[in-house]
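As you go down the protein sequences, you meet chains L, D, H and B in turn. So the first sequence is numbered by our numbering: it starts at 1 and just counts up by one. So the second sequence is numbered by our numbering: it starts at 1001 and just counts up by one. So the third sequence is numbered by our numbering: it starts at 2001 and just counts up by one. So the fourth sequence is numbered by our numbering: it starts at 3001 and just counts up by one. We treat Cβ as the ideally placed atom computed from N, Cα and C, and that holds for glycine.
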Amino acid sequence: MENLIALLVAAPLLGAAVLLCGGRRLDRVGHWIGTALAAASFVVGVVLFGAMLGYDAEARTMRQHLYSWIPVEGFQGDIAFQLDQLSMTFVLLITGVGTLIHIYSIGYMEHDERRRRFFGYLNLFLAAMLLLVVADNYLLLYFGWEGVGLASYLLIGFWQHKPSAATAAKKAFIVNRVGDMGLSIAIMLMFTTFGTFAFGPVLEATGETSEGKMTAIGLMLLLAACGKSAQVPLQSWLGDAMEGPTPVSALIHAATMVTAGVYLITRSGAIFNAAPDAQTAVVAVGAVTLLFGAIVGCAKDDIKKALAGSTMSQIGYMILAAGLGPIGYAFAIMHLVTHGFFKAGLFLGAGSVMHGMNDEVDMRKYGGLRKYMPVTFVTFGLGYLAIIGFPGLSGFFSKDKIIEAAFASGGAQGWILGTVTLLGAGITAYYMTRVMILTFFGEKRWQPAPDPDKTASVEPGIEVHPGEMPHPHESPRSMTIPMIVLAFGSVFAGGFFSIGDRFVNWLEPVTQFDHPHPPISVPVITGMTVAVLLAGVAIAYLQYGRKPVPVVAPRGSFVTRAARRDLLQDDFNHVVLVRGGEHLTRSLVYVDHTLVDGVVNGTAATVGGLSGRLRKLQNGYARTYAVSMFGGTAILIAATLLMRAV
Amino acid sequence: MNPVNYLYLAALLFTIGAAGVLIRRNAIVVFMCVELMLNACNLAFVAFSRMHGNLDGQIIAFFTMVVAAAEVVVGLAIIVSLFRTRHSASVDDASLMKL
Amino acid sequence: MSASAVHSLWTTVAAPGADGGFTAPHIEYAQLSPTLIVVGAAVVGVLVEAVVPRKARYHTQLFLSVVAVAAAFAAVVALAAGGYGTTKAQIAAEGAIAVDGPALFLQGTILLASLIAVFTFAERRLDPDAHGNRVDSFAAQAASVPGSESEKAAVKAGFTTTEVFPLLLFAIAGMLVFPAANDLLTLFVALEVFSLPLYLLCAVARRKRLMSQEAAVKYFLLGAFSSAFLLFGIALMYGYAGSVSYARIASVVDGTVKQIDPALADTMGNDALLLIGAAMILMGLLFKVGAVPFHMWTPDVYQGAPTPVTGFMAAATKVAAFGALLRLLYVVLPGLRWDWRPVMWAIAIITMLGGAIVAVTQTDMKRLLAYSSIAHAGFILAGVIATRPEGISSVLFYLLAYSFVTIGAFAVVTLVRDAGGEATHLSKWAGLGRRSPLVAAVFAVFLLAFAGIPLTSGFAGKFAVFKAAAEGGAGALVVVGVISSAIAAFFYIRVIVLMFFSEPRADGPTVAVPSPLTTAAIGVGVAVTLALGVAPQYFLDLAGQAGVFVR
Amino acid sequence: MSFPLLTVTAVLPAAGAILTAAVPAARRTAAKWLALAFSLATLVLAALVVVRFEPGGDRYQLTESHAWIPDFGVRYELGVDGIAVALIALTALLIPFIILAGWHDADPLETKSSRWRPTQGFFALILMVEAMVILSFEATDVFLFYIFFEAMLIPMYFLIGGFGDRAHAGTDGAAATQRSYAAVKFLLYNLAGGLIMLAAVVGLYVVAGSFSLAEIAEARASGELEMAANTERLLFLGFFFAFAVKAPLWPLHTWLPNAMGEATAPVAVLITAVVDKVGTFAMLRFCLQLFPEASKWATPVIIVLALVSIVYGALLAVGQRDIKRLIAYASISHFGFIVLGIFAMTSQGQSGATLYMVNHGISTAALMLVAGFLITRRGSRLIADYGGVQKVAPVLAGTFLVGSLATLSLPGLAPFVSEFLVLVGAFAAYPVAGVIATLGIVLAALYTLVLYQRTMTGPVKAEVRTMPDLKARELVVVAPLIALLLLLGVFPKPLTDIVNPAVQHTMNDVRKTDPTPEIEAEAAK
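Next up, the structure:
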């Protein structure tokens, strides 16, 4: 049974290989191959899951050792897998949602001549992501970690002819690399500390060394997590990543890849438990991002960017939870899963809307779409209710638990975190309601289709004639079905997990679990949560539901404008890093040319000049030559005599 | 009379000859100065020969004269041919090649 | 001066007459055969000029010279084989000439170089025929004024200066004696014997006669000047030691002399004599070697002289002069080591650097090679300074390697011609590699050998010399040598760049197709260059066995 | 007397060179095929070497030893350890691709005089370089090594100066001068380095009285030959200088961008992927083995220089406008990693460094050759002249991307393995250095992806619109390289098995052991 684990990764990898090397002859069947292999991987996952349930809770970890990857004196990097409950959760999420989105893409990318390639990339992503979660050591995890980075790079930049897309892709990869630096340094630290970087030995030995070391490792891991999970200060790439095709945003930049950071931290729980300072840092990052994302989400008019902001903030929740230690890990993962459902659903919905609206992404140019695309409306609506944590739906259970845990983390920290999470819930409710209203309610604010040459983005799907008014329509079956499935998930998953703490118990062997004991009783917290979210909804309704919405966004307050620009974070990067970098490189190029090279050419020039001057002595007059001879002899004699004298 | 004085004379002649080589422009004169130097050498040889009381020095002097004669032959040949082409025997005029 | 001394002098003169016998000097003709052969041939050559009809002279002379040189070389080989280089090394001709390893090795080298030189002298295919007569690189009639009627007539009549061959032979003879000279008088005479013909040879170029004559005058005047110094040095040395024989002087210098008469006693006390004398003799030799600051004649003379002569001078003269220098320093003045080593250090350094640096900005091929030869003189001096057997053998090897490269290089220079004769200006060489890759490649090989790139003789020689110097505790010299080699490399490379990487000029020179003579010369040059580079061991052994002076 | 495999392996390409050069001017294509055939034959022999080599066996195997120049104490001694084997294999492997990639690079532009045979010369020179490189990997005699280390420069020099890009080929005077400047710079830099080394070689002989690596090392180990600290240091510096020029290490690097920029892509690959490796290889084999103490003494400085090279090279790569110069600076950065790995003096570092030499060779070859194909198509080296190539030539773009990813050492591709090993090794010995070096991986991502973005993506430039995709010949060149990158990326074991023992020997030479992990150290206490 263990040996199936490799198959998880192998199937989509095979798909990627076939599709990317296969050439044009596969164009017609490519998407089927891709989807089939994704599904196959899912099936394997389910089989393994079944098997896993078969064992008793403590002995569920399965291992598979393939071969020694980098065998060097004192350094053993193996290709070996470990599938425990935590990994299994991810495997199911990844393959499940992944398969759905494959199906969705069949319809969505129908008219793109490079569809085969697209599916190849998607499979590549699945393979890398699965490798990431089933790896049994940090080095292999790093392999998957960079692999998903590559996949996301390829998919964000899938429409490479769009400069914006290409730039976004590059940005994503490079920002991630900064995070990866953290991961690789963490691995080096582990190597020098423990002499290995396999999960088992490392996580068992955490106690045996100084807390400082642990803190260092923890912070490095956090840096990595920030990069991958778009947490402050490395969050800037996620918004731009929306340049990618919408399924990509759904799969990679909502449901799965961006949550890798949460996985990393949860997986390394033992390390963080041994390093309180690192935990504090984690929590702080989570809290800040949570608000940051939410605020950004409020200001965006681009539907995908708004959702991206929300993703950021939701992951903030997870990171925060993970930072709380054993009381939080389980909830972090649970929220991660539910979020996977509803956020994917929301994105697919958004994609469907754009599909119907000539790829218009500006919500201010939507409105009143509910009767034109009912399925999309319903599924999107359910996802909406889920994410704002409407009682009874998935988001409610998972998020509420996190808020409780936040309060329970004790002392001032507890109160602060509690309030922050509550506040976050409110804002979430606000901006999601805004999205909902702008898109599906109110009067039509549709605009004639833009001239494709002028606009950067022309998503495929329907050929767009400039100046033509959009005629919204429901999307094809291949697209709606996945949305429906995900909607189911968004509605019931949370409840299903929470009944009898199923989920927590399931993960408990891996992540441990302490029951949170918040200072105020749980019902009160729940009440507060509900109250806050209702408030958020109400405000949004008052702002956008009552009075007509201007098609062109009002200038808005400073905060709004700042928020539209991701709270000026990009501008900061641009000025400090990009500009600074450019100046640095330019000046270095200058230095290299004038100084370093100059020294060399300088010496050559000096010799030449010296030569030119000495040459003048050779003036062609025999008498001068005689003089030099005479003088030479004189010196010769004088020297010899002096030699003797001294 | 102390033979050392002959040495001083020799050195003097030699120096005069050398100075002449360095100063004079006319090839012939320069060449004569060289001859003067050779003769200074001869004088030195003879003087030393006397001091040491063996004949080597004197014999060498004869050799030197022969060599000097040979030099004259060759030298004059060259200088004359030079003069015939350039109509000047100045060593400074002959400075096509330099630097 | 005391009367007794006068009387003693008087009687010493009378004595032989008294017992009426004149003991004829005992001459080992066999051991001296190389020199004698060449001298004899030279004399015959003069007769040939007198009796053989003009038409036949060229071939007669050529044949005579080749045979003579070859025979002399054979004699040298025979002597070496007979062990005169090692076990039977001895002083011959009443102490005038030493027959030992270094002498034989250098004589062999000189003779080989001369053989090739004879070929280049005899080359008559490079210039177009004048009035149906083949012409070589020497004036039709050296005596006639260039451009004058008499010269035109001479050219029309198809005269050629076949006197160059006897002159060459005389020069060779002098050079053969020079490194073997075992007393200062022989040294001086030999010096003059090979210098005077060279002075003349410089003056007889067919093209660019003005420069040729100028070169001759400069060479002659400065040469005479220097030999005057040398002679005066000899005089002082004689004054110091009371003898001109190396052995005796040496023993006086290091104080191992047997019977000391009062006169010697008081001159011996006077080191000034010794030191000044030594310095002046050194100067005379360093002039021939072309060491800074006595080098200034070199570029002008090399440029002005007919190229075959230049090649011969550059190679053979250096060999002979260094041979003499070695013998002087190792046989006569070892006692003064601590005096002359520092001085020679300084000279070696400025010679290496000076030659290399000034060469960087040269624009004339022959001048360039002249300066490079100066730099090489510096390298060799570094070996000379290592006062140990390795020093001697390394220098011998270097001289062997260097002489062939030099003659070959100058031979190539004779091939590249335009309307005005040889096109020696660097700019003319642009793109030669495109026009005639073979010649360019050959020249490149020589340049790389000069630059001391591995697998060429230049590298082996340089390494041998540096190794000896380092073992002799002159590490600093090695470093300087390395630096100046780097500088030198720069201008050798420059020429290669010019030949291969720059586009040929429309009015560029053509490469004359030489007769087998020059071809052979160049071929041998390349062959030796590569052979000494790849498998130097045999010759190193030779040089090693030859590394001991007889005293 | 066994079959002299090593000699033959080196002599074969040399013979090929001579034959190729001898092919008459008209039979250009024949010359090409001849050269290719010989390079392939050499590859076979190299494979044989790999097979015959027993990783567990003696340090130097397949040894040959003959007297050559006793007077200089020089023997013709050949022998290979794991490192040499790996690099010989790399060399023999790359040359055929280089030849194939440069198939048309040396076709004469206009019919020159019949004696001018550029094509024959081009391929002959390449083979000659191969021969000398292989010999310098095989030589276990310092002097022998030095000879080929130096002689290698000459053919290399003609390759750089004689054959420019088709882009700016032939008559373009400015390009020609540029090119000969680059060639001269290359030669003088390396010659200067070599001459300094010559001084050190002489010095070594004076001190040790022998050139045989084995003898000297043994004498040093047994203590019958001890050098004064200062002597050893001076000698070390003499050797290291030459190798640092070759490597090239900051601040001696400036010849590389010129050379790689002006030379044709295949030649550029020859420089950076093959010839320069001799430098780093020699550091590992000669500097560490002959002068262990001095090496340790110099380590701090060298580590700093390596770090500077890493960061500086990367930053300059970011600032380049010329594709080939960009790759050149990238290489400088990578050589920084190699040197760092060597002088970290830990098993991981040195194994990493050795792997790095091989992997960097392959990855740069892949990237540079594809870049070359690109440049020959458009006739320009300027990044700004490209854009949207991906649209018109997807395969070309794809291979280029893989090459770029290899250059930024993405896991799954060979360079990652070596780079990570180097980082870990460096970190274990000098944590700060390790951390600074990791900056390199971010910058690498920056310059490669910027290059890819500017050339391959975005709207299609007009001049690019008609650009053909990779041809069969070009695919034959690139595909195997990429396959190799993937293979060595996920399964480097065959390589590490060969290399590890050699590295252990070196570690013994410098009398170093890997720092023990902290907790084990704790446990020990």
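Answer yes or no: does any C-beta atom of chain H fall closer than 8 Å to that of residue i?
i, result
"W3255(B)", "no"
"P3070(B)", "yes"
"L3237(B)", "no"
"R1024(D)", "no"
"G631(L)", "yes"
"M643(L)", "yes"
In the DSSP assignment, the alpha helix (DSSP H) including residue i goes from what residue to what residue?
i, result
"P71(L)", "Taken as a continuous stretch (DSSP letters only), P71(L) belongs to no alpha helix (DSSP H), being part of the beta strand (DSSP E) at M62 to V72."
"F3097(B)", "G3082 to A3101"
"Q3504(B)", "K3493 to D3509"
"G500(L)", "Neither: G500(L) is in no alpha helix (DSSP H) and is coded neither H nor E."
Within its chain, find whatever has a CB closer than 7 Å to the CB of residue i; leave out the 5 residues flanking it on each side and keep chain order.
i, result
"V3050(B)", "V3085 and A3089"
Where does the unbroken beta strand (DSSP E) through residue i begin, and where does it stop?
i, result
"Y138(L)", "Element bounds for Y138(L): not the beta strand (DSSP E) but the alpha helix (DSSP H), Y138 to I156."
"L2417(H)", "Residue 2417(H) is actually Arg in this sequence, not Leu. R2417(H) -> beta strand (DSSP E) spans V2416 to D2418."
"L2184(H)", "From DSSP, L2184(H) is part of no beta strand (DSSP E) but of the alpha helix (DSSP H) over L2184 to C2202."
"T256(L)", "Segment: none, T256(L) is in no beta strand (DSSP E) and carries neither H nor E."
"W3068(B)", "Q3061 to I3069"
"G77(L)", "F75 to L83"
In chain order, what residues of the same chain have a beta carbon less than 6 Å from the beta carbon of residue i, not counting five sequence neighbours either side?
i, result
"L2115(H)", "V2069"
"T480(L)", "V375"
"A3017(B)", "A3124, L3127 and M3128"
"F2159(H)", "A2140 and Q2141"
From the beta carbon of residue i, is the nearest beta carbon of chain L less than 8 Å away?
i, result
"D2300(H)", "yes"
"S1095(D)", "yes"
"T3020(B)", "no"
Got a sec: is the Cβ-Cβ distance from residue i to anything in chain D below 8 Å?
i, result
"Q2141(H)", "no"
Could you name the residues of the same chain whose beta carbon sits closer than 8 Å to that of residue i, not counting the 5 residues immediately before and after it, in chain order?
i, result
"F191(L)", "F75 and F197"
Using a Cβ cut-off of 8 Å (strictly closer), state whether residue i contacts chain B.
i, result
"E58(L)", "no"
Output, in chain order, the set of chain E residues within a Cβ distance shorter than 7 Å of residue i.
i, result
"E3150(B)", "Among the protein chains of the structure shown, namely L, D, H and B, there is no chain E."
Contacting positions in the stretch 613-627 of chain L - beta carbon closer than 8 Å to chain D: R615, K616, Q618, N619, G620, Y621, A622, R623, A626 and V627
Name, going along the chain, the residues of the stretch 2452-2474 of chain H whose beta-carbon falls closer than 7 Å to a beta-carbon of chain B. Within the stretch 2452-2474 of chain H, contact with chain B at the beta-carbon level (separation under 7 Å) is assigned to I2453, P2454, L2455, F2463, F2466, K2467, A2470 and E2471.
Can you pull out the residues from the stretch 2244-2273 of chain H whose beta carbon lies closer than 8 Å to at least one beta carbon of chain L? Of all residues in the stretch 2244-2273 of chain H, only D2271 and A2272 place a beta-carbon less than 8 Å from a beta-carbon of chain L.
Using a Cβ-Cβ cut-off of less than 7 Å, give me the residues of the stretch 589-609 of chain L that come near chain B, in sequence order. V589, D592, V596, D597 and V600
Compile a chain-ordered list of the residues in the stretch 554-582 of chain L whose CB is closer than 7 Å to at least one CB of chain H. Of all residues in the stretch 554-582 of chain L, none has a Cβ within less than 7 Å of some Cβ in chain H.
Please identify, using Cβ separations under 9 Å, the residues of the stretch 3485-3515 of chain B that lie next to chain L, in order along the chain. V3490, F3491, P3492, K3493, T3496, D3497, V3499, N3500, V3503, Q3504, M3507, D3514 and P3515
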